[in-house]
Every structure is written in structure tokens, then in C-alpha cells.
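Mapping of the sequence shown onto my numbering: residues 10 to 182, in sequence order. This report refers to the structure that appears directly beneath it.
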Amino acid sequence: MAVIKTGIVRFLVILGFVGMAGATAWAQTAGDAANTISYREFLQSLTPAERKMPINLVAAERYDAGQPLPASLEARASSQARSALNESAVYRIDGTATDALVSALSSLGIDPKFVSNSRPYVTAHLSPSSAMALAQSEAVFKITIVLGPTAQGQGSTLAAAAHRLDELYPVNQ
Numbered sequence: 010m011a012v013i014k015t016g017i018v019r020f021l022v023i024l025g026f027v028g029m030a031g032a033t034a035w036a037q038t039a040g041d042a043a044n045t046i047s048y049r050e051f052l053q054s055l056t057p058a059e060r061k062m063p064i065n066l067v068a069a070e071r072y073d074a075g076q077p078l079p080a081s082l083e084a085r086a087s088s089q090a091r092s093a094l095n096e097s098a099v100y101r102i103d104g105t106a107t108d109a110l111v112s113a114l115s116s117l118g119i120d121p122k123f124v125s126n127s128r129p130y131v132t133a134h135l136s137p138s139s140a141m142a143l144a145q146s147e148a149v150f151k152i153t154i155v156l157g158p159t160a161q162g163q164g165s166t167l168a169a170a171a172h173r174l175d176e177l178y179p180v181n182q
């Protein structure tokens with residue numbers, strides 16, 4: 010009889026632990042669900058200035074502020090928030106006129122890298138915080154990051170040597 014009581018007590022203790030673990034996992038899942046929103050809700054919640062910005066930059070800013078994000082953006086935002094919030098990058102700034110864009114940049118103490126003569130855009134090195142500040146300007150329509158090709162073999166002597174191959178290895182010798 011004592012063996013049966015001991016077995017029942019063990020069973021009840023194990024059942025209690027399993028129940029507590031399940032309740033903890035459920036509470037954690039409910040907490041995660043409360044901290045996420047759908048992608049559509051996220052897009053609808055964007056301010057006019059945030060609509061001018063790249064989505065990944067807005068997501069990183071909101072992640073730092075502890076605001077809810079869609080699950081599809083949360084992982085990317087957490088990694089970007091850790092690595093890129095203090096790094097500057099080259100951005101293309103489209104707006105009403107190049108003069109107005111240059112003026113908006115100069116009010117932030119930023120010199121443009123390139124000013125287009127034919128279209129109303131400029132490029133400039135911006136930090137994420139300066140990009141957010143620039144997006145507040147009425148002269149700015151859209152800010153996009155500039156991703157371009159990089160030189161193959163950049164920083165190595167192999168790239169330079171490839172163009173002088175005939176000098177290094179003369180033909181007929």
C-alpha cells in the first residue's frame with residue numbers, strides 16, 4: 010500500500026511540474042503575441058516621416074523603443090539595432106528640389122555627397138538618427154539606402170595584378 014501511495018505522490022509531483030512548465034510556456038507565448046503585430050498593422054501605424062524611410066531602419070528604431078513589431082521584421086530589427094544604429098551609410102534622398110534638399114541637409118550639418126543636376130535628389134552619408142531627422146523635412150519625399158557594386162579584390166594586390174598580367178608573365182618567354 011505504501012508503494013502505491015509513493016507512486017501516486019510521484020505521479021502528482023511530476024504532473025504538477027508538467028503543468029507549471031506548460032503554464033509558463035503558454036504565458037510566454039501570450040507575452041510574445043502581445044509584443045507582435047501583423048505586418049499590415051505595422052504599415053498602417055507608420056507616421057508620415059516613417060513612410061519616407063527604409064522599413065528595416067524604422068523597424069530597428071521601433072525595436073530599440075520597445076514597440077511591437079511583426080514577427081517577420083523582429084529578428085532582422087534586433088540584429089540591425091545592435092549593429093547598425095550608430096553606423097552611417099550612403100542614402101539617396103528624393104524630394105521637391107535639390108536646393109531644398111541641400112538646405113535640409115545643411116540644417117543638420119551634413120554635406121551632400123552628390124547633387125543631381127537633372128533630377129531632384131541628392132546622396133549623403135547619414136546615420137540612422139540623422140536619416141530619421143531628415144525625414145521630418147517637408148522637402149523630403151523618400152530616403153533609400155544606396156547599395157552598389159564594390160570593386161572585386163578591393164584592398165588586395167591581386168586586383169591590380171590582374172590588369173598587368175602580361176607584364177608579370179610576358180608572352181613568348
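Where is the CB? At the ideal position from N, CA and C, for every residue including glycine.
Taking the beta carbon of Y2 as the centre, do at least 16 other beta carbons fall within 10 Å, making it buried, or is it exposed?
The displayed coordinates of the chain run from 10 to 182. Any statement about residue 2 would go beyond what the structure contains.
Taking 8 Å as the limit between beta carbons, can you name the residues of its chain near M62, skipping five residues before and five after?
Closer than 8 Å at Cβ, skipping near neighbours: A140, M141, A144 and I152.
As a quick exercise: from L117, P79 and A69, pick the residue whose alpha carbon is nearest that of Q53.
The candidate whose alpha carbon is nearest that of Q53 is P79.
Starting from the C-beta of F150, find all residues in its chain whose C-beta is less than 6 Å away, skip the five residues before and the five after it, and write them out in chain order.
D103 and G104.
For A133, report the span of its beta strand (DSSP E) as first-last.
Here the beta strand (DSSP E) through A133 covers Y130 to L135.
Cβ of I86 within 8 Å of Cβ of A68?
It is worth fixing the name first, because residue 86 is Ala in this sequence and not Ile. Going by C-beta atoms, A86 is nearer than 8 Å to A68.
Would you kindly work out how many angstroms separate the C-alpha atoms of S146 and P77, rounded to a whole number?
Roughly 26 Å separates the two Cα atoms.
In chain order, which beta strand (DSSP E) runs of at least 3 residues are fully inside the segment 69–130?
Taking only runs of at least 3 residues, the beta strand (DSSP E) segments lying wholly in the segment 69–130 are 98–104.
DSSP beta-bridge partners for V149?
Per DSSP, G104.
Taking the alpha-carbon positions, what's the A74 to A58 distance?
So the two alpha carbons sit approximately 16 Å from each other.
Among residues of its own chain, excluding the 5 on either side of I119, which ones have a beta-carbon nearer than 6 Å to its beta-carbon?
Taken in chain order, the residues that qualify are A133.
Flag L114 as yes when its Cβ comes closer than 7 Å to any non-hydrogen atom of the ligand COA, and as no otherwise.
Questions concerning the ligand COA fall outside what the structure shown contains, since it holds no ligand whatsoever.
Going along the chain, which residues of its own chain have a beta-carbon closer than 8 Å to the beta-carbon of V155, five neighbours each way excluded?
Within the same chain, V155 has close Cβ partners A98, V99, Y100, R101 and T132.
Applying the 10 Å Cβ sphere with the 16-neighbour rule, what's the burial state of T107?
Buried, since its Cβ has 16 or more Cβ neighbours within 10 Å.
Could you tell me whether the Cβ atoms of E70 and P129 are closer together than 8 Å?
Cβ atoms of E70 and P129: not closer than 8 Å.
According to DSSP, what are the bridge partners of T45?
Its beta-bridge partners are L78.
According to the Cβ coordinates, are T56 and E83 closer than 8 Å?
Cβ distance not < 8 Å, so T56 and E83 don't count as in contact.
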